[in-house]
Structure formats: structure tokens, C-alpha cells
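Protein chains in written order, with the working numbering: chain L, 105 to 343; chain Z, 105 to 343. Glycine residues also receive a C-beta, built at the ideal position from the N, C-alpha and C atoms.
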């Protein structure tokens, strides 16, 4: 089976003076997270969608589900953990109550990236089936520089080899379980990205093609951009 | 002396179906590049501003200067080169006709980053005077991944050490001349970033603090964001 996993553990501290976590802010006629859930629910290869939400917002999310997806039997809600990987782990524990196949796939996605496409999800599923793990990326638009001392540049990597990570990130569920349980507490405290965790344990993470429009709504400016992008996709005038 | 150098060599092929190079597109009541030139002209420490423009757009830029900055004696226009470093070299050749001091400083800036601040320019001047070279950066917001084979991830650098490069990039002019002339043709063909060139020749490039709002207008979406940002700075309602 193929599971969609919507990661909504955050409470949006970087968004400035909005009272709601960013995934609940309205975008067009529905909250950002509802756009995301809908994209996964309508995808022909996704069997079930599990949302991992911060416990404080559990009831709020339940109410949204009731409003937008009443009687949707393949949509589950679980409480997220303290970080990204533990939220994925909580979601997988819930999935395991329903399916225990070694070739089950999970397609994890940020609740604040509403412009994910059917093609990105399909490509993720194909790559995760074939290679076990994949990450969605785009070529970096900015020049990236490293500084280990935060005073001067210690390296500028070759630009054509640099990518910006997006989501979805997808894996065979069995592989995630094996790798996650092999991590020490210290490793889990420092490795916040699932793909980095796989790399640490010696696995190859394949690249799926993202898109510049697949933005993460982190700052107020991103939220404004998202509103414009939605407007133009709905046929409003661009110029 | 302190020189501002506005780099406008590009013709904006990534902007989609706009007929003008992006630096000439209107933003509020004047073209993007005019916002940039104005920021440098009004800065109390900048003695002179030199614009490096693609030769095809030389007359167009001259007309803009005549319109927005008539009789401005400390504003010069030169033809840019085939890449970023050669455009800086052309600008420096022009500067050398007017000043040959070893401690002259050049503050180079993208013509399509209209939200540079007085503070960024001031910080650049301070660092370039003290250390010889600096680059304006912000902490990377996206996870950056590295792939040498473009199939799977070969490295994920530690996030807190990763920065996105912006501009201004500033240097002692004498240092740029020394380093640029020490580069082989092959090196110049592969190293398109001035800071990377300094690093290649063993110099330390210090970090100046940029800001997320100091965006580069590369894609149509950036142009839309810039229009919104200008609107909000001019007191229009954000929400």
C-alpha cells in the first residue's frame, strides 16, 4: 500500500503576528493544510492519508477534517512527536495497525507546501519503490556558501551540484523503521532530516524532480506569494 | 574613495515573456535598476556609482539616467563584459581613470536586488576596509543537498553552516585587480562568482549580514513578490 503522510507538527513561530499555525491559515477558500490533504487524497496511487499534527491542535484539525472531508474513511489523524522524524515514526506506528507489508511506501510531505503536484507524488512513489528512498529537490537558485566559523566563507560548493531540498520525501516504511530504530538518542537529537538519517546509515537517497512553485510557507512573504500563485492558477490576471 | 558598482550585464532570459531585461521592469513608479542606483547614490559613504550594462542596452540605460538623474556628475555608465567578473573588471578600468588609491573600495551589487539597505552597504564598506573582501549572506532557509552525479544525494551539509549568497559583494579594488589578473583563462571560464575567485587564490571572504527581503528578481514570481513588498513598504495594507 501507498500512504501519504502530512507533517503538521509545527506551530509556526517564524510567521510573525498570525495567531494560527501557518498550516491553518486560509489560502483561497480553504486552509493551507486542506489543499495539501486534498492533493494526496485525490492522487490515484495513494491508498490512505495520515496527518501528524501538534497535540495542541488535534481537536482543531479534527474539526477541519469533519468540515472538509466528512465520512472519508482513508484519512487518519495522529499526534506528532517532538521533531520531524518522531512525527513520521508516530504516523508509521498508526499505519502498522492497518498494514504490515514490507513493500509499503510512505510519501511524507510538509503541511505548508500546498503546490505539490500529482507528478511529484507519482515520481516519488516510482523512485521509492525502485530505490527505497527519495527526496524532492530543485537546482539551487542562490549561490550557496559554507562557513564553519560564521565569520568568513570556508567553502563555496560547485553550483551545478547544489540542490535545495523540498518535499515529498518518500521511503519504504520497513526501511524507515530499521534505520530509525538503529539511531542513537544523540544521533536523533542532531539529525532532524529523514534523508540525512538514511545517509548516515549508509543508504542512497535518490533525487525526485521538484519545482520552484512548490514553495514552503515559512515567512509572511511566502504566504503572500502563495496567495498570488493561487490567484494566478485560478485564472486571475498575472500582470 | 568608495565606489558603488551596479551589475546589469544580464538580459533576463529566465523571466518568461517579458520584453525588457528584468532590471528595466517597472517597480512602483520607476524601473528596478533605478531603485538600486538611487540607494547607492544617496548613501553617505558612496562617492561615485558606476553601472555596467549589456552593450545592447547602453543607450536605453543612458536615457534612463538622463530621465531620473540628470546632471548627476558622480554616475558613470560602462559596457559590461561577457560574465560577472569581466563586468566588474570593466567597471574597475573606468574607476582607475578617476582614482588610483590602493585603499579604494568597490561595493558591487546586482541590478535586480532593489531592497538592499543603507545598513547592508555600510556593513560592506566597513568589512571591505577591515578585511579586504566581504560577501552578503543570509542563513539558508531550505535544506541544501549536494549531488555530484545528479542521481542521488552525495552530501547534506550541516544546516547551521550553510548560507545563501546575496549581494553586495565588496572588495579593495587593488585586491580584485591582483586576483583577477592572476586567474588563468580556464579558471575564469569556470569561476563565475567574484568571492569564489578570491577563495581560489587563498583569500578569506568575510560575511556581511543580508536579509530575506533583499531578494533577487530572477523569475516572474520574484517580480510579483517585489511588487507586493514595495506596496507594503509604501504603507499599503499587508493582508
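Test item: CB-CB of residue i and residue j under 8 angstroms
| i | j | result |
| --- | --- | --- |
| residue 314/L | residue 242/L | yes |
| residue 297/Z | residue 260/L | yes |
| residue 309/L | residue 299/L | yes |
| residue 189/Z | residue 301/Z | yes |
| residue 239/L | residue 320/L | no |
| residue 218/Z | residue 131/Z | yes |
| residue 267/Z | residue 316/L | no |
| residue 111/Z | residue 191/Z | yes |
| residue 224/Z | residue 174/Z | no |
| residue 232/Z | residue 270/Z | no |
| residue 198/Z | residue 180/Z | yes |
| residue 135/L | residue 166/L | no |
Neighbourhood of residue i by C-beta distance below 7 angstroms, restricted to the same chain and skipping five residues each side
| i | result |
| --- | --- |
| residue 343/L | At residue 343/L the pLDDT is 39, less than 50, meaning the model places this residue with poor confidence; the figure from the coordinates comes in the next sentence. There are no such residues. |
| residue 303/Z | 309 |
| residue 206/L | 278 |
| residue 149/Z | 106, 226 and 229 |
| residue 222/Z | 147 |
| residue 335/L | none |
| residue 170/Z | none |
| residue 193/Z | 185 and 284 |
6 angstroms Cβ shell around residue i - same chain, five flanking residues per side excluded
| i | result |
| --- | --- |
| residue 281/Z | none |
| residue 143/L | 220 |
| residue 109/Z | 154, 195, 210 and 212 |
| residue 172/Z | 138 |
| residue 82/Z | The structure shown does not extend to residue 82/Z, since chain Z is modelled only from 105 to 343, so the question has no answer here. |
| residue 311/Z | 241 |
| residue 203/Z | 105 |
| residue 265/Z | none |
| residue 140/L | 110, 215 and 218 |
Spatial neighbours of residue i in its chain, beta-carbon cut-off 8 angstroms, leaving aside the 5 residues before and after
| i | result |
| --- | --- |
| residue 307/Z | 236, 237, 279 and 283 |
| residue 263/Z | 244, 247 and 248 |
| residue 178/Z | 145, 151, 152 and 153 |
| residue 341/L | Because the pLDDT at residue 341/L is just 44, under 50, the model does not fix this residue reliably, and the value given afterwards should be weighed accordingly. Taken in chain order, the list of residues that qualify is empty. |
| residue 295/Z | 189, 287, 301 and 304 |
| residue 162/L | 181 and 183 |
| residue 289/Z | none |
Residues bridged to residue i [DSSP beta-bridge criterion]
| i | result |
| --- | --- |
| residue 250/Z | 266/L and 259/Z |
| residue 112/Z | 157/Z |
| residue 152/L | 107/L |
| residue 241/Z | 269/Z and 313/Z |
| residue 130/Z | 135/Z |
| residue 213/L | 110/L |
| residue 275/L | 210/L and 237/L |
| residue 180/L | 154/L |
Near the ligand GDP: residue i beta-carbon under 7 angstroms from a heavy atom
| i | result |
| --- | --- |
| residue 179/Z | You won't find the ligand GDP in this model; it holds no ligand whatsoever. |
Would you call the region 180 to 195 of chain Z and the region 145 to 162 of chain Z touching, i.e. three or more CB-CB distances under 8 angstroms? yes
Would you say the region 123 to 134 of chain Z touches the region 321 to 331 of chain L, given that touching needs at least three Cβ pairs under 8 angstroms? no
Between the region 317 to 328 of chain Z and chain L, which residues of the former have CB atoms less than 7 angstroms from a CB of the latter, in chain order? For the region 317 to 328 of chain Z, the set of residues with a beta-carbon nearer than 7 angstroms to any beta-carbon of chain L comprises 322, 323, 325 and 328, in chain order.
Selection of the region 254 to 280 of chain Z by Cβ proximity to chain L, strictly under 9 angstroms: Hits within the stretch, in order: 254, 255, 256, 257, 258, 259, 260, 261, 262, 263, 264, 265, 266, 267, 268, 269 and 270.
With 8 angstroms as the limit, tell me which residues of the region 186 to 209 of chain L have their beta carbon closer than that to any beta carbon of chain Z; keep them in chain order. none
Residues of the region 227 to 252 of chain Z whose Cβ lies closer than 8 angstroms to any Cβ of chain L, in chain order: 235, 239, 241, 244, 245, 246, 247, 248, 249, 250, 251 and 252
With 7 angstroms as the C-beta to C-beta threshold (strictly closer), list the residues of the region 163 to 177 of chain L near chain Z in chain order. none
Using a Cβ-Cβ cutoff of 7 angstroms, what residues of the region 280 to 302 of chain L are near chain Z? List them in chain order. 297, 299 and 300
Note down, in chain order, all residues in the region 304 to 315 of chain Z with a beta-carbon under 8 angstroms from any beta-carbon belonging to chain L. 308, 309, 310 and 311
Give the residues from the region 120 to 138 of chain L that approach chain Z closer than 8 angstroms (Cβ to any Cβ), ordered along the chain. So the list is empty, because no residue satisfies the distance condition.
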